[in-house]
Amino acid sequence: MPSNQLYQYSILSALMHGLATKETGTTVADLLAHGDHGIGTVADLDGEVIVLEGVVYHYPVSGDVPRRITADDDQGDTLPFAMVSFFQPSLTKHLSSLSMSTLATSVSPLLPAQQNSFLAVKATAFFQQVTVRSIPAQSYPHEPLSVLAKRQTHHTIECISGTLFGFWSPAYSMGMSLHGFHIHFISEDRQVGGHVINFQTEESHNAVRLEAAVMDEYTVRVPSAEEFHRDVIPLGNPAEMIVAEGGE
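Laid out in C-alpha cells, this is it:
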C-alpha cells in the first residue's frame, strides 16, 4: 500500500460485541503487508498491540514484558482488530512539552482543514508520566468489551523514555473506529507499554518530537469468519466505547 493510507481490520463495534476470537483475526504477516505503524489487540483481547517500524509488540494483560513479533515469525498470533499505515509524516514539530490535553492543539496545522480526515500521530519523548489502562482478557468466547471495560484498571508509568503512536478518527467514524485519539505507548527499552489514557512529557527545550500525517484513504477489511456474520453487529453505544477505549 502507498504511504499514509489507513488500513483497518474489523470494526470497533465488533469488539464491543465480543467478536475477538482467534478465528476472526488477521495474521501478523497480512497486517504488516498493509502498514509499518499502528495499533491493535490480540485474540481474546489478551493485551494491546503497537506496531512501530514494521515490528509488532504485544503487551499482555498479565503485565509480562511485551513480545516482539515480525512478519517472519509464525507464532499463530491473530489480531481481531487493528489499524495500520505506512507512516510518512507531513508535519514534524519539536516541542518543549506535550500532554494529552495539548495534543489536538499541537496537530492543529492539520485541523480543522482536515477535520473529516483520519490523522496518524507519533510522539517520541521523555515522559514524566504515562497512564495506561488494563482490561482483563475474555473469560469466555464473545464476552463483550463493554462488560470487560467495567473491570479495567489504570496504572501510571513514571520517568520513562518512549514513543506514542495512534490515530485520530473523525466523528462520523464512531462505531467503525473511535472518535478522537486512540493511542498506544511503548518504552524505549521495549519493556512496558499499553493503551494510553493520559500522559505528560518532561518540559525542556525541543524535548518532544511530534510527527503527524493526514490519512487520505481509509480501507476497512471485514473478517470472513462465519461467526463474524452470524449475528447483526449493532452500532454500539458511544458512551460505552469511550469508557472502553477513551477518545474524543
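Per the UniProt record's numbering, the sequence shown runs over residues 1 to 248. Glycine included, every Cβ here is placed at the ideal spot set by N, Cα and C.
Indicate whether residue i and residue j have their beta-carbon atoms separated by less than 8 angstroms.
i    : j    : result
P80  : A43  : yes
G25  : H142 : no
H34  : Y7   : yes
V130 : F181 : no
R209 : A123 : yes
S97  : E203 : yes
I50  : G162 : no
V107 : A212 : yes
F127 : F199 : yes
S187 : F86  : no
I69  : G175 : no
L178 : M241 : yes
P60  : G47  : yes
M16  : A244 : yes
Throw me the rounded Cβ distance for the residue i and residue j pair, which I believe falls under 8 angstroms.
i    : j    : result
L148 : S13  : At roughly 15 angstroms, the Cβ-Cβ gap does not stay under 8 angstroms, so L148 and S13 are not in contact.
L31  : A104 : That pair is no contact at about 27 angstroms.
I91  : P109 : The amino acid at residue 91 is misidentified as Ile; the sequence shows Leu. Yes, they are in contact, since the Cβ atoms of L91 and P109 sit about 6 angstroms apart, within 8 angstroms.
A207 : A125 : 6 angstroms
P170 : Q88  : Their Cβ separation, rounded to whole angstroms, is 20 angstroms, which puts P170 and Q88 out of contact at 8 angstroms.
Suppose the cutoff is 6 angstroms on Cβ atoms and the five residues either side in sequence are ignored; what does the same chain contact list for residue i look like?
i    : result
S62  : none
E217 : Q5
For residue i, collect the residues of the same chain with a Cβ closer than 7 angstroms to its Cβ; drop the 5 residues on either side in sequence, then sort them by chain order.
i    : result
P45  : Sequence inspection shows Leu at residue 45; the Pro mentioned does not correspond to that position. Cβ within range, chain order: A20, I135, A137, Q138, L145, L148.
T27  : T78
G166 : I39, V121, F181, H182, I183, H184
What is the DSSP secondary structure of residue i, reduced to helix, strand or coil?
i    : result
V243 : helix
L6   : strand
S96  : coil
S90  : coil
Give me, in chain order, the residues of the same chain whose beta-carbon lies closer than 8 angstroms to that of residue i; leave out the 5 immediate sequence neighbours on both sides.
i    : result
R151 : I135, P136
H37  : V51, L52, E53, V84, S85, F86, F87, A120, K122, F165
Unbroken stretches of the beta strand (DSSP E), 3 residues or longer, contained in the stretch 42-82: 48-52, 55-59, 67-69
Ignoring anything shorter than 4 residues or poking outside the stretch 20-44, list the alpha helix (DSSP H) runs there in chain order. Counting only unbroken stretches of 4 or more residues, the alpha helix (DSSP H) elements lying wholly within the stretch 20-44 are 28-32, in sequence order.
Runs of 4 residues minimum, wholly inside the stretch 113-151: which ones carry the alpha helix (DSSP H) assignment? 145-148
Just to confirm the assignment: which complete beta strand (DSSP E) runs, minimum length 3, are found wholly within the stretch 148-172? 153-169
Can you list the alpha helix (DSSP H) stretches of 4 or more residues lying completely in the stretch 173-235, in chain order? 226-229
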